[in-house]
Amino acid sequence: MFRPLELFIGLRYTRAKRRNQFISFISAVSIVCISISVIALITVMSVMNGFDYQMKTRILGAISHATISGIGQSIEDWPRALKIAEANPHVKGAAPYVEIQALLQGRAPAAAMVRGIDPALEPKVVDIGQHMVHGKLAALTPGSWNIVLGQDLATQLGVSVGDQVVMAVPEFRATPFGGVPRMRGFHVVGTFAMGMEQFDSGLALVNIQDAEKLNSLSGPSGIRLKLDDLFNARPVAHELADRLGQIYQVQTWEQTNANLFSAISMEKKVMGVILSLIILVAVINLVSMLMMLVTDKQADIAILRTLGATPRSVMGMFMVQGLLVGLVGIGFGVSLGSLLSWKLPGIVKVIEHVFHVQFLSPDVYYISEVPSRLELHDVGWVALVTFAFSLLATLYPAWRASRTQPAQALRYE
Numbered sequence: 004m005f006r007p008l009e010l011f012i013g014l015r016y017t018r019a020k021r022r023n024q025f026i027s028f029i030s031a032v033s034i035v036c037i038s039i040s041v042i043a044l045i046t047v048m049s050v051m052n053g054f055d056y057q058m059k060t061r062i063l064g065a066i067s068h069a070t071i072s073g074i075g076q077s078i079e080d081w082p083r084a085l086k087i088a089e090a091n092p093h094v095k096g097a098a099p100y101v102e103i104q105a106l107l108q109g110r111a112p113a114a115a116m117v118r119g120i121d122p123a124l125e126p127k128v129v130d131i132g133q134h135m136v137h138g139k140l141a142a143l144t145p146g147s148w149n150i151v152l153g154q155d156l157a158t159q160l161g162v163s164v165g166d167q168v169v170m171a172v173p174e175f176r177a178t179p180f181g182g183v184p185r186m187r188g189f190h191v192v193g194t195f196a197m198g199m200e201q202f203d204s205g206l207a208l209v210n211i212q213d214a215e216k217l218n219s220l221s222g223p224s225g226i227r228l229k230l231d232d233l234f235n236a237r238p239v240a241h242e243l244a245d246r247l248g249q250i251y252q253v254q255t256w257e258q259t260n261a262n263l264f265s266a267i268s269m270e271k272k273v274m275g276v277i278l279s280l281i282i283l284v285a286v287i288n289l290v291s292m293l294m295m296l297v298t299d300k301q302a303d304i305a306i307l308r309t310l311g312a313t314p315r316s317v318m319g320m321f322m323v324q325g326l327l328v329g330l331v332g333i334g335f336g337v338s339l340g341s342l343l344s345w346k347l348p349g350i351v352k353v354i355e356h357v358f359h360v361q362f363l364s365p366d367v368y369y370i371s372e373v374p375s376r377l378e379l380h381d382v383g384w385v386a387l388v389t390f391a392f393s394l395l396a397t398l399y400p401a402w403r404a405s406r407t408q409p410a411q412a413l414r415y416e
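Our numbering numbers the first residue of the sequence shown as 4 and each following residue consecutively.
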């Protein structure tokens, strides 16, 4: 006798015979439906992960992992704060900065966030220097009154490298004609393209000393930090805040962009729940298949019961078949879904090239290519949820099979 008996009979029922070809066909359809739903869920989750990763990477390429600021416009005793920050083992780079809102005037006006930086220290914190289209950050020397613009901002102003722009800051000075804003001419020495609209069209860089002079500041607005692990920013910020004291404020990238990343995380969760319903619909086919199989095998069940099979054993036989269909569907779905997620960017490029279309226009979206980032825990979660649905789908048909009465089932045989 084969042991365990439930596994042997359950596997035997999965093989098609002449009189139950239709049930076998329904089993194949159930496998295909489960596989397609798993593929869809893994692919969509991978694309959502890709967008999340690209957004974080691009945003963190222009902003710091953490920022130390003061109570007023400038930070007090900033060399001491810089020394304390650099002493932290999790801080890999620190750079002072000045940020001011200004109006730029080229051939056309445009408002922008002007950031005063130290060109020698800035590459330790962000990677704007790696996204320069024209020029270099090193051209922002003290007293040169040079400026580097985002590429879209330069287009709005109608200027290019070598042209001049006039900057007006909200720092009024008294004149015989009344209060007028401070204005200064800057030479455009470079442009950059981060791939993020908020930076490419709204950020300009100048030397930190020039920014302090223009805005009548006695020191930098704060200190920008780069950490060894950006997801460890919150505990590092608490540690620095305790060491610096109450006159300093430490903010992380999560706090600065909380709404954006919360929206992305919520969208990913909602999409996961919605697509999980597709798996539930696919599992309904499994319930139908098992119910038809129970009806078809009434005589076999009755004979097994008369030979001594317990209701629990009969229930196990049909649960084996249902779980086998689910596991085969999960196996195909996980394999094909992982492969599709891995190759998706290349597949999209081929489709765009063949049909001459562009799914993500750079004029509209921050990201011009469909990203995909396959993560193991998402694949495991999808496989686990699908297995749980498959297990639940087998319970009622298997229970109905275990309730079969031998005398009634064999009456007309």
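Quick reminder that beta carbons are idealized off the backbone N, C-alpha and C, glycines included.
Nearest to Phe264 by C-alpha distance, out of Asn149, Thr60, Ala244, Ala31, is Thr60.
Every alpha helix (DSSP H) stretch that sits fully inside the region 185-220 and reaches 4 residues is listed by chain position as 200-203, 211-217.
Judged by DSSP secondary structure, Glu102 falls within the beta strand (DSSP E) whose first and last residues are 94-108.
Between Val47 and Ser375, the CB-CB gap reaches or exceeds 8 Å. For Thr144, the secondary structure class from DSSP, reduced to helix, strand or coil, is coil. Residue range 379-405 is occupied by the alpha helix (DSSP H) that includes Ala396. Scanning its chain for C-beta atoms nearer than 7 Å, with the 5 sequence neighbours on each side dropped, one finds around Glu79 the residues Gly73, Ile250, in chain order. With a minimum length of 4 residues, the unbroken runs of alpha helix (DSSP H) contained wholly in the region 287-329 fall at 301-309. A Cβ-Cβ distance of about 26 Å is found for the pair Gly205 and Met269, leaving them out of contact under the 8 Å criterion.
In this model, Met170 and Val192 are separated by some 15 Å (Cα to Cα). In terms of CA proximity to Thr158, Ala207 leads the group Pro173, Ala207, Gly132. Listed as beta-bridge partners of Val172 by DSSP are Arg185. For Gly198, same chain residues with a beta-carbon under 6 Å away, outside a window of 5 residues either side, are Arg61 in chain order. Annotation: the continuous beta strand (DSSP E) that includes Lys229 extends over 225-230. Boundaries of the alpha helix (DSSP H) harbouring Val239: 236-247, taken from the DSSP string.
Excluding sequence positions up to five before and after Ala97, its CB lies within less than 6 Å of the CB of Leu85, Ala88, Glu89, Ile226, Leu228, all in the same chain and listed in chain order. Under the three-state reduction of DSSP output, Gly165 falls in the coil class, being neither helix nor strand. Taking the C-beta atoms as reference points, Ala305 is found nearer than 8 Å to Thr407. Arg118 is bridged by DSSP to Glu102, Leu208. Scanning Arg187, Ser27, Gly146, Val286 for the CA closest to the CA of Ser40 turns up Val286. Relative to Val94, the option among Ser224, Pro238, Glu378 whose CA is nearest is Pro238. Non-local C-beta neighbours of Met322 in its own chain, meaning closer than 6 Å and more than five positions away in sequence, comprise Thr397, Ala401, ordered along the chain.
In its chain, beyond the 5 residues on either side, Val41, Ile45, Val382, Val385, Ala386 have a beta carbon closer than 8 Å to the beta carbon of Val337. In this structure, the straight-line span from the alpha carbon of Ile120 to that of His190 is close to 16 Å. In the three-state reduction of the DSSP assignment, Asn149 falls in the strand class, which pools E and B. Contact between the region 100-108 and the region 207-226 is present: 3 or more CB-CB pairs across the two stretches fall below 8 Å. By the beta-carbon neighbour count (other beta carbons within 10 angstroms, threshold 16), Gln361 is exposed.
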